[in-house]
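Novice: Protein chains in written order, with numbering that gives the first Met the number 0: chain A, 0 to 328; chain B, 0 to 328.
There are 2 protein chains.
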Amino acid sequence: MKTMLKPAFAALLIRASFTTAISHAADLLPSWNEGQAKQSIVAFVEKVTKSGSPDFVPVAERIATFDNDGTLWAEQPMYFQLFFVMDRIKALAPQHPEWKTKEPFASLLRGDVKTALASGEAGLVPLVLATHASLTTEEFEQAVTGWLATAKHPKTGRPFTEMVYQPMLELLAYLRANGFKTFIVSGGGIEFMRPWAEKTYGIPPEQVVGSSGGLKYELRDGQPVIVKLPSIVLNDDKDGKPVGIQRHIGRRPIAAFGNSDGDFQMLEWTTSGKGARFGLIVHHTDAAREWAYDRQSHIGRLDKGLDAAKAKGWIVVSMKDDWKTIFPK
Amino acid sequence: MKTMLKPAFAALLIRASFTTAISHAADLLPSWNEGQAKQSIVAFVEKVTKSGSPDFVPVAERIATFDNDGTLWAEQPMYFQLFFVMDRIKALAPQHPEWKTKEPFASLLRGDVKTALASGEAGLVPLVLATHASLTTEEFEQAVTGWLATAKHPKTGRPFTEMVYQPMLELLAYLRANGFKTFIVSGGGIEFMRPWAEKTYGIPPEQVVGSSGGLKYELRDGQPVIVKLPSIVLNDDKDGKPVGIQRHIGRRPIAAFGNSDGDFQMLEWTTSGKGARFGLIVHHTDAAREWAYDRQSHIGRLDKGLDAAKAKGWIVVSMKDDWKTIFPK
Numbered sequence: 000m001k002t003m004l005k006p007a008f009a010a011l012l013i014r015a016s017f018t019t020a021i022s023h024a025a026d027l028l029p030s031w032n033e034g035q036a037k038q039s040i041v042a043f044v045e046k047v048t049k050s051g052s053p054d055f056v057p058v059a060e061r062i063a064t065f066d067n068d069g070t071l072w073a074e075q076p077m078y079f080q081l082f083f084v085m086d087r088i089k090a091l092a093p094q095h096p097e098w099k100t101k102e103p104f105a106s107l108l109r110g111d112v113k114t115a116l117a118s119g120e121a122g123l124v125p126l127v128l129a130t131h132a133s134l135t136t137e138e139f140e141q142a143v144t145g146w147l148a149t150a151k152h153p154k155t156g157r158p159f160t161e162m163v164y165q166p167m168l169e170l171l172a173y174l175r176a177n178g179f180k181t182f183i184v185s186g187g188g189i190e191f192m193r194p195w196a197e198k199t200y201g202i203p204p205e206q207v208v209g210s211s212g213g214l215k216y217e218l219r220d221g222q223p224v225i226v227k228l229p230s231i232v233l234n235d236d237k238d239g240k241p242v243g244i245q246r247h248i249g250r251r252p253i254a255a256f257g258n259s260d261g262d263f264q265m266l267e268w269t270t271s272g273k274g275a276r277f278g279l280i281v282h283h284t285d286a287a288r289e290w291a292y293d294r295q296s297h298i299g300r301l302d303k304g305l306d307a308a309k310a311k312g313w314i315v316v317s318m319k320d321d322w323k324t325i326f327p328k
Numbered sequence: 000m001k002t003m004l005k006p007a008f009a010a011l012l013i014r015a016s017f018t019t020a021i022s023h024a025a026d027l028l029p030s031w032n033e034g035q036a037k038q039s040i041v042a043f044v045e046k047v048t049k050s051g052s053p054d055f056v057p058v059a060e061r062i063a064t065f066d067n068d069g070t071l072w073a074e075q076p077m078y079f080q081l082f083f084v085m086d087r088i089k090a091l092a093p094q095h096p097e098w099k100t101k102e103p104f105a106s107l108l109r110g111d112v113k114t115a116l117a118s119g120e121a122g123l124v125p126l127v128l129a130t131h132a133s134l135t136t137e138e139f140e141q142a143v144t145g146w147l148a149t150a151k152h153p154k155t156g157r158p159f160t161e162m163v164y165q166p167m168l169e170l171l172a173y174l175r176a177n178g179f180k181t182f183i184v185s186g187g188g189i190e191f192m193r194p195w196a197e198k199t200y201g202i203p204p205e206q207v208v209g210s211s212g213g214l215k216y217e218l219r220d221g222q223p224v225i226v227k228l229p230s231i232v233l234n235d236d237k238d239g240k241p242v243g244i245q246r247h248i249g250r251r252p253i254a255a256f257g258n259s260d261g262d263f264q265m266l267e268w269t270t271s272g273k274g275a276r277f278g279l280i281v282h283h284t285d286a287a288r289e290w291a292y293d294r295q296s297h298i299g300r301l302d303k304g305l306d307a308a309k310a311k312g313w314i315v316v317s318m319k320d321d322w323k324t325i326f327p328k
């Protein structure tokens, strides 16, 4: 936590001048190439922070929501949370001999990920429940933290928390420096993201919205614990995203950032509000430095959003053309 | 919103010295009599904010949660949200001729509140669902705001938002001035509290946790709306409070404030964490200036908490003895 204090404090001081966008805004986005995407971001921030402007938005209403997978960090060759699930299945297998003959566990334990996930998202549910439920929230947090400390991305060999997008880290900091409150609104598990979102993105647990399971408060040996249940109370994807926003934030964002059709309704809800609004889609166009995929991808499919962007006024960022750097150095 | 900027901004500036409790702390709590309650509050805040103290807590972890009914505003002769429900039932009655013969609507429309609510909380459910569901979140917000603008408390004749406790308003501001993030965690409806919590308490919608109904995102005439459903996703009372805290905040508070046995588990969860913790119960002891009730009350019953407070180290505030003023002048 202490490491977060300094930038947070700097942001507070910078907020002292939050009636107008901080000067040299462009310098806070050094990994963005000059172009329409960067210009649009800066123009939006300047008009909503300029005192007396018809587009001025009070600080309390400067809410910005970010998808996580594919928007703030990478999501190929599959959602990073699935690597966590797979590693946990392997670790828990000795306690579950029945998994050897029970699908999708059996395929996964043989290393046959394709078959295990062949049925799509429906096949994931038993895997996620088997690895996420029954633990207390504190045990689960330790499981996530412990896994992240050693797990490496299969292609780059880097820790998953280093597979974040440098230009987006700059954008988060730039918005916060201009009085915005930044939230994650992701289809990923809320308890999976919270343990590292503060250190990685500067986003505290209370500003993380994600798919959520049931919880139960109980006493164990006289000590209170909160236990994760094998039930789902929010599927924070597609039309679940505006629902998650309303439940957790309680007001409509003025800016939203996504990358796939899972973010369509979040962008639609955000940009159809009154006053100045901003919607942005990160388009994965860089096969050399990251991955290139959109309409045909099973992970992070972007089809409807790509067609709608122009009419809706959403900015489409080309990772290849708009970003100088992809990952932090 | 603009009216909130000034105190919020002042708090930000004061935070610049947040490594130690702000000086003359006592002056920020002028409606509190000198005594054990006030001393305990100040001593706790000073030790968790003192840099280098073994009890020091980083700003990001300074989470304080407040019950609403009976803790921040009054709750007699019945929860204020029920006055809203009753007024809405009356207003909606012409569209629902069947209510004339259907309980609990029929009793309520005859003015017989006692019979309508005789079955306790179970009897409330159809009333709450009939008045809270089917509207969009924006329509519901307008209904709450419109009602508050004219509704008056039956005993004092004051608007309900003036039936708040002056010493608690000071406490909220004092904690925020010392780097705390203040949350409401109430059994009351989340969408019922959000429209006025920011103006009344300085608590923004994203820091309001309450009982929550299902929500659905849909398009109406091409415009996106979020519709309230007749289902319950969180009963934010008793053991539902730590669940609400985990869902919305994602970390354990270090201080919690309540007044009834509905707050027991929130206080238990908060004060059983490691490090410095603080629990406080507002005890309604002032029949002359407010109401006096505890173990036998149907509303805001305080029995188990009164017995447990000493052993748990929770401070019990006597409204009669500890508070100079009850309501704002």
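All residues carry an ideal CB built from backbone N, CA and C; glycine is no exception.
Keep in mind the model is a prediction, meaning the values are calculated, not measured.
(1) Pull up the distance between the alpha-carbon of B:Ile-298 and that of B:Leu-168, whole angstroms please.
(2) Any chance the stretch 182-193 of chain B sits against the stretch 227-235 of chain B, with 3 or more Cβ pairs inside 8 Å?
(3) State buried or exposed for B:Arg-288, treating a residue as buried only when at least 16 other CB atoms are found within 10 Å of its CB.
(4) Please decide whether A:Gly-249 counts as near chain B, where near means a Cβ-Cβ distance under 7 Å.
(5) Taking Cβ positions, are B:Thr-160 and B:Leu-171 nearer each other than 7 Å?
(6) May I ask which residues mark the beginning and end of the beta strand (DSSP E) holding A:Leu-214?
(7) Hey, is A:Gln-80's beta-carbon within less than 7 Å of any beta-carbon in chain B?
(8) Below 7 Å CB to CB, which residues in the same chain sit around B:Leu-228 once its five sequence neighbours on both sides are set aside?
(9) B:Gly-278 bridges to which residues according to DSSP?
(10) In the DSSP output, what is B:Lys-182 paired with across the bridge?
(11) Throw me the rounded Cβ distance for the B:Gly-51 and A:Arg-193 pair, which I believe falls under 8 Å.
(12) How is B:Leu-28 classed by DSSP in three states: helix, strand or coil?
(13) Can you pull the chain B residues whose beta carbon is under 7 Å from the beta carbon of A:Arg-246, in chain order?
(14) Excluding sequence positions up to five away, which residues of its chain have a Cβ less than 8 Å from the Cβ of A:Ile-88?
(15) What residue from B:Ala-254, B:Met-85, B:Lys-311 and B:Ser-210 has the CA that sits closest to B:His-247's CA?
(16) Alpha helix (DSSP H) containing B:Leu-126: first to last residue?
(17) Here's the rule I'm using: 16 or more other beta-carbon atoms within 10 Å means buried, otherwise exposed. How should A:Asp-320 be labelled?
(18) Closer than 7 Å, CB to CB, is B:Trp-268 near chain A or not?
(19) Rounded to whole angstroms, what is the Cα-Cα separation between B:Thr-48 and A:Asp-262?
(20) Starting from A:Asp-238, find everything on chain B with Cβ-Cβ shorter than 7 Å and list it in chain order.
(21) Is any beta-carbon of chain B found at less than 7 Å from that of A:Pro-203?
(22) Counting only beta-carbon atoms, is A:Ile-280 nearer than 7 Å to chain B?
(23) Run through DSSP, which three-state label would B:Ile-248 get?
(24) Would you call the CB atoms of B:Ala-255 and B:Thr-64 closer than 7 Å?
(25) Just curious, the alpha helix (DSSP H) that A:Gln-35 is in, first and last residue?
(26) In terms of residue numbering, what span does the alpha helix (DSSP H) encompassing A:Ser-106 cover?
(27) Give a yes or no on whether the C-beta atoms belonging to B:Leu-266 and B:Tyr-173 are separated by under 7 Å.
(28) Give me, in chain order, the residues of the same chain whose beta-carbon lies closer than 7 Å to that of A:Ser-317; leave out the 5 immediate sequence neighbours on both sides.
(29) By DSSP's criteria, A:Ala-291 is part of a beta bridge. Which residues make up the other side?
(30) Determine which residues share a DSSP beta bridge with A:Ile-314 and list them.
(31) By DSSP's criteria, A:Lys-154 is part of a beta bridge. Which residues make up the other side?
(32) Given B:Ser-360, which residues of its chain have a CB within under 7 Å of its CB, disregarding the five upstream and five downstream residues?
(33) Taking the DSSP output, what are the residues bridged to A:Trp-322?
(34) Nearest to A:Val-44 by CA position, among A:Arg-61, A:Glu-33 and A:Gln-264, is which residue?
(35) Relative to the C-alpha of A:Phe-79, which candidate in A:Trp-146, A:Pro-57 and A:Gly-278 has its C-alpha closest?
(36) Helix, strand or coil for A:Leu-134? Go by DSSP, reduced to three states.
Specialist: For this structure:
(1) As a first step, residue 298 of chain B must be located in the second sequence, where it is residue number 299. As a first step, residue 168 of chain B must be located in the second sequence, where it is residue number 169. Those two C-alpha atoms are separated by around 22 Å.
(2) yes
(3) Counting from one through the second sequence, the residue named residue 288 of chain B turns up at place 289. Exposed.
(4) Mapped onto the first sequence, residue 249 of chain A falls at position 250. By this cut-off, A:Gly-249 is an interface position.
(5) Here residue 160 of chain B is taken as the residue at index 161 of the second sequence, counted from 1. Here residue 171 of chain B is taken as the residue at index 172 of the second sequence, counted from 1. Taking 7 Å as the Cβ cut-off, B:Thr-160 and B:Leu-171 do not qualify as a contacting pair.
(6) Taking the first sequence and counting its residues from 1, the one referred to as residue 214 of chain A is at position 215. 207-219 is the extent of the beta strand (DSSP E) around A:Leu-214.
(7) Counting from 1 along the first sequence, the entry for residue 80 of chain A is found at position 81. By this cut-off, A:Gln-80 is not an interface position.
(8) In the second sequence, residue 228 of chain B corresponds to position 229, counting from 1. Around B:Leu-228: Ala-132, Gly-212, Gly-213, Leu-214 and Lys-215.
(9) Numbered from its first residue, the second sequence carries residue 278 of chain B at position 279. BP columns for B:Gly-278 point to B:Ala-255.
(10) Residue mapping note: residue 182 of chain B aligns to position 183 of the second sequence, counting from 1. Looking at the sequence provided, one finds Phe at residue 182 of chain B rather than Lys. Note: B:Phe-182 sits in a beta bridge opposite B:Thr-64.
(11) On the second sequence, residue 51 of chain B is found 52 positions in, with the first residue counted as 1. On the first sequence, residue 193 of chain A is found 194 positions in, with the first residue counted as 1. Not quite, the Cβ-Cβ distance comes to about 28 Å (not below 8 Å), so this is no contact.
(12) Taking the second sequence and counting its residues from 1, one reaches residue 28 of chain B at position 29. Note: B:Leu-28 maps to coil in three-state DSSP.
(13) One-based indexing of the first sequence puts residue 246 of chain A at position 247. Correct list: Ser-211 and Leu-214.
(14) The residue labelled residue 88 of chain A in the question sits at position 89 within the first sequence. Trp-98, Phe-104, Leu-107, Leu-108, Leu-126, Ala-129 and Thr-130, listed in sequence order.
(15) Translated into the one-based positions of the second sequence, residue 247 of chain B becomes position 248. Taking only the C-alpha atoms, the option nearest B:His-247 is B:Ser-210.
(16) For the purposes of this step, residue 126 of chain B is taken as the residue at position 127 of the second sequence. First-last of the alpha helix (DSSP H) with B:Leu-126: 120-131.
(17) By 1-based counting over the first sequence, the position of residue 320 of chain A is 321. A:Asp-320 is exposed by the Cβ-count criterion.
(18) Within the second sequence, the letter at position 269 stands for residue 268 of chain B. So, interface residue.
(19) On the second sequence, position 49 is the one that residue 48 of chain B refers to. On the first sequence, position 263 is the one that residue 262 of chain A refers to. Whole-angstrom Cα-Cα distance: 40 Å.
(20) Along the first sequence, read from residue 1 onward, the residue named residue 238 of chain A stands at position 239. Tyr-216, listed in chain order.
(21) Taking the first sequence and counting its residues from 1, one reaches residue 203 of chain A at position 204. Yes, contact with chain B.
(22) As a first step, residue 280 of chain A must be located in the first sequence, where it is residue number 281. So no, A:Ile-280 is outside the interface.
(23) Start at 1 with the first residue of the second sequence, and residue 248 of chain B comes out as number 249. In this structure, B:Ile-248 counts as coil in the three-state DSSP scheme.
(24) On the second sequence, residue 255 of chain B is found 256 positions in, with the first residue counted as 1. On the second sequence, residue 64 of chain B is found 65 positions in, with the first residue counted as 1. Contact flag set, yes.
(25) In the first sequence, counting from the first residue as 1, residue 35 of chain A sits at position 36. Here the alpha helix (DSSP H) through A:Gln-35 covers 35-48.
(26) Sequence index remark: in the first sequence, residue 106 of chain A carries index 107 (1-based). Where A:Ser-106 is concerned, the enclosing alpha helix (DSSP H) stretches over 104-108.
(27) Here residue 266 of chain B refers to the residue found at position 267 of the second sequence. Here residue 173 of chain B refers to the residue found at position 174 of the second sequence. No; because the gap between Cβ atoms is not below 7 Å, this pair is not in contact.
(28) Here residue 317 of chain A refers to the residue found at position 318 of the first sequence. Hits under 7 Å: His-282 and Thr-284.
(29) Numbered from its first residue, the first sequence carries residue 291 of chain A at position 292. DSSP output for A:Ala-291 lists A:Thr-284 as bridge partner(s).
(30) Your numbering for residue 314 of chain A matches position 315 in the first sequence. Note: A:Ile-314 sits in a beta bridge opposite A:Leu-279.
(31) Residue mapping note: residue 154 of chain A aligns to position 155 of the first sequence, counting from 1. Its beta-bridge partners do not exist; DSSP assigns none.
(32) The structure shown does not extend to residue 360 of chain B, since chain B spans only 0 to 328, so no value can be given for it.
(33) As a first step, residue 322 of chain A is located in the first sequence; it is residue number 323 there, counting from the start. A:Trp-31, per the DSSP bridge assignment.
(34) Here residue 44 of chain A corresponds to residue number 45 of the first sequence, with the count starting at 1. The shortest C-alpha separation from A:Val-44 is found at A:Arg-61.
(35) Translated into positions along the first sequence, residue 79 of chain A becomes position 80. It is A:Trp-146 whose Cα lies nearest to the Cα of A:Phe-79.
(36) As a working note, residue 134 of chain A is residue 135 in the first sequence. DSSP places A:Leu-134 in coil when its eight states are reduced to three.
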